[in-house]
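First up is the structure itself, then whatever we jot down about it.
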């Protein structure tokens, strides 16, 4: 199962992604946790110690590995195969294999075609060749996906808080996903404090688009100020287990294999 998570900055997207990753991992599945948002820190959110997380190099900056797989000359391989070495770039944390992508390189004084080709090949291996659960934490621009790799995404989740700006961003993400051929886009309402806020989100989308709601939690908010905090606590995990069941139904997860409970 391949899931991509997006949303406006500050809505709690990475916290939700971390809780979802932990929810799948506790069923004894191997989960690839992909940090595709340069402005977030998924590693710390899933529980990797901050000192370790800070030292994890983005794949896009692994120059030696990139040249080893694409070639070292003026010409380079446009479609390097990485499925045999995928785990070499991951940090193992319990049942979670964490991978920090780094941002897609933009044009400027240096050509980054080789690096971007490598990133594309890595995402292809994850989304199209891997049989494990993959959860990608992405920015609102979903820049790591292309029309070729987006076909491997079973479900795009957009995290929304009860605000007009957040809803507008979700609609933009939905349009970007549709342009790439992703037709299954669902919403998770986060930081819900009242029935009015829940109703606002429900009324902002089509029937069936909202997959679930996570209530505002002071403990999670306070933990964000603490060093080495892991916001995906038990209360949040409980809510995400319910969402996980709905995700399995939406993405056809039960057809790909039942959950293995521990």
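Numbering (the UniProt record's numbering), first residue to last: 1 to 262. Glycine residues also receive a C-beta, built at the ideal position from the N, C-alpha and C atoms. Small disclaimer: the values here were computed from a predicted structure and weren't measured.
Can you round the beta-carbon distance between residue i and residue j to whole angstroms, since I take them to be within the 8 Å contact cut?
i	j	result
residue 160	residue 188	7 Å
residue 213	residue 193	Residue 213 to residue 193, Cβ: 11 Å. No contact.
residue 21	residue 48	That belief does not hold up - the Cβ atoms of residue 21 and residue 48 are roughly 11 Å apart, past 8 Å.
residue 12	residue 59	Not a contact, Cβ separation roughly 25 Å.
residue 158	residue 7	5 Å
residue 211	residue 243	6 Å
residue 91	residue 56	6 Å
Apart from the five residues on each side of it in sequence, which residues of its chain come closer than 7 Å, Cβ to Cβ, to residue i?
i	result
residue 155	3, 184, 186, 247, 250 and 251
Is the distance from the Cβ of residue i to the Cβ of residue j below 8 Å?
i	j	result
residue 33	residue 135	yes
residue 131	residue 25	no
residue 237	residue 17	no
residue 274	residue 140	Because residue 274 is not part of the residues shown, which for the chain are 1 to 262, the question remains open.
residue 240	residue 133	no
residue 162	residue 200	yes
residue 97	residue 88	no
Grab me the residues of residue i's own chain with a C-beta within less than 8 Å of its C-beta, minus the 5 sequence neighbours each way, in chain order.
i	result
residue 180	142, 145, 146, 147 and 150
residue 75	With a pLDDT of 45 at residue 75, under the threshold of 50, the predicted position of this residue should be treated as unreliable, and no value is reported.
residue 207	none
Considering residue i, what are the terminal residues of the alpha helix (DSSP H) in which it resides?
i	result
residue 23	13 to 25
residue 52	50 to 54
residue 46	No alpha helix (DSSP H) holds residue 46; DSSP gives it neither H nor E.
Suppose the cutoff is 6 Å on Cβ atoms and the five residues either side in sequence are ignored; what does the same chain contact list for residue i look like?
i	result
residue 124	149
residue 202	210
residue 204	167
On the DSSP letters alone, give me the boundaries of the beta strand (DSSP E) that residue i sits inside.
i	result
residue 164	Per DSSP, residue 164 belongs to no beta strand (DSSP E); it is in the alpha helix (DSSP H), 164 to 179.
residue 263	Residue numbering for the chain in the displayed model covers 1 to 262; residue 263 lies beyond these limits and cannot be assessed.
residue 190	185 to 192
residue 156	155 to 160
Out of the options, point me to the one whose CA is closest to residue i's CA.
i	options	result
residue 15	92, 50, 137 and 55	137
residue 93	62, 234, 42 and 129	42
residue 31	122, 165 and 23	23
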